[in-house]
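Below is one structure, written out as structure tokens, with a few remarks after it.
Number of protein chains: 2
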Amino acid sequence: MLNYQPPTDPEQLARWLKVLAEPKRLRIFNLLMQGVQCNCELGDALQMAPNLISHHLAKLRDAGLVDVTRDTRDARWVYYAVNRAALEQLNAAFGAFFDPNRIQPRHPACGPQGNLIPPDAVTLAEP
Amino acid sequence: MLNYQPPTDPEQLARWLKVLAEPKRLRIFNLLMQGVQCNCELGDALQMAPNLISHHLAKLRDAGLVDVTRDTRDARWVYYAVNRAALEQLNAAFGAFFDPNRIQPRHPACGPQGNLIPPDAVTLAEP
DNA sequence: CTGATAGTTCAACATGCGTTGAATTATAGG
DNA sequence: CCTATAATTCAACGCATGTTGAACTATCAG
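Here the protein sequences line up with chains A and B, keeping their order. In this text, residue positions in the first sequence follow our numbering: the first is 5, and each later residue adds one. In this text, residue positions in the second sequence follow our numbering: the first is 5, and each later residue adds one.
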């Protein structure tokens, strides 16, 4: 079979989610989705200091979500881009894990197994 | 159009991700995907104290990801279930945001715009 | 009323992590 | 060499939040 990918284990998914759950990191990733970006370009767009950008990019890079490239003419410039393979795996893993059709309607094994009342009728924390 | 859902804004997606990025919370949610569960059942399965389960379930509930139901015969028992509508919205939002086809191949606007070398040839942090 | 059960709420603690400013590295140009 | 630039690394701070144990609610059974 072509393009086969082994199923992503939940722990890998959890690691990816932890990296992407940071708001500013998600915004950085969103900009990278729009094309290769250097540190300064991201900093200008998001009004963030370059060392902060570096910090967040390192997290994304450690998670394997983005790739790094240096300019051949002037090696001081570093370009970042989304790792497409990782993104495909992430997207597939998330879609499978949170697939609504995966929801099982089984009743709880404990408790008196009484009839359930609709969630609308429940007020738990609201005073 | 039937079943139309307005596009989920990125901030809502970030909020959901933040809630789901917690490993134990993700495991709780995974169990809920397998059917309605009460607090004690989740605690037994994950070897966690009931107050911790309560704490994490509250976060999932506040995020609108799970619904609460009380037993009609014995109101001491509380059952939790995945909110299917929220899950569908989450899944759609995530799939759209992290769609690999959304990646734009544009070149950086800053820097000398030099030719890019393949990421394989780059060693940044590894000594 | 009394005790047991299921669950939540509260207060205190611990720690992970985003943030900040300064120091450091690497490269380019003169 | 010497300075400027792009980016990273480091140390310190502060806050958010997961964890823990105890107190508290609510409900049911006798």
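Glycine included, each C-beta is placed from N, C-alpha and C at the ideal position. Small disclaimer: the values here were computed from a predicted structure and weren't measured.
Check: Taking only beta-carbon positions, decide if N105 of chain B is within less than 7 Å of chain A.; Outcome: no
Check: Does the segment 77-96 of chain A touch the segment 35-54 of chain A, meaning 3 or more C-beta pairs lie closer than 8 Å?; Outcome: yes
Check: Please report the distance separating the alpha-carbon of P1 of chain A from that of A53 of chain A.; Outcome: The structure shown does not extend to residue 1 of chain A, since chain A spans only 5 to 131, so no value can be given for it.
Check: So, is R29 of chain A buried or exposed, given that buried needs 16 or more other C-beta atoms within 10 angstroms?; Outcome: buried
Check: Measuring alpha carbon to alpha carbon, tell me which residue in A:R74, A:P116 and A:L46 is nearest T76 of chain B.; Outcome: A:P116
Check: Among all the DSSP beta bridges, which residues are the ones paired with A96 of chain A?; Outcome: None, per the DSSP bridge assignment.
Check: How is the alpha helix (DSSP H) around V86 of chain B delimited, first residue to last?; Outcome: First-last for V86 of chain B: V82 to V86, but that is the beta strand (DSSP E), not the alpha helix (DSSP H).
Check: So, does the CB of G99 of chain B fall closer than 7 Å to a CB anywhere in chain A?; Outcome: yes
Check: Tell me whether H59 of chain B is buried or exposed, calling it buried when 16 or more other Cβ atoms sit within 10 Å of its Cβ.; Outcome: exposed
Check: From this set, B:N105, B:P104, B:R65 and B:F98, which residue's C-alpha is nearest D103 of chain A's C-alpha?; Outcome: B:F98
Check: Between which two residues does the alpha helix (DSSP H) harbouring A49 of chain B extend?; Outcome: N43 to L50
Check: Determine the chain A residues that contact N34 of chain B at a beta-carbon separation under 8 Å, and present them in chain order.; Outcome: P14 and F101
Check: Do A18 of chain A and P27 of chain B have their CB atoms nearer than 7 Å?; Outcome: yes
Check: Against chain A, does M52 of chain B count as a neighbour if the rule is that its beta carbon must be under 7 Å from one of theirs?; Outcome: no
Check: What is the rounded straight-line gap between the Cα of G118 of chain B and the Cα of I107 of chain A?; Outcome: Unreliable placement is indicated for G118 of chain B, whose pLDDT of 49 sits below 50; no coordinate value is reported for it.
Check: To the nearest angstrom, how far is it from the Cα of R74 of chain A to the Cα of L50 of chain B?; Outcome: 46 Å
Check: Q16 of chain A to A90 of chain A, Cα distance in whole Å?; Outcome: 11 Å
Check: Using a Cβ-Cβ cut-off of 7 Å, state whether L64 of chain B counts as contacting chain A.; Outcome: no
Check: Report the three-state DSSP secondary structure of V23 of chain B (helix, strand or coil).; Outcome: helix
Check: Beta carbon of G68 of chain A, beta carbon of I57 of chain A: below 7 Å?; Outcome: no
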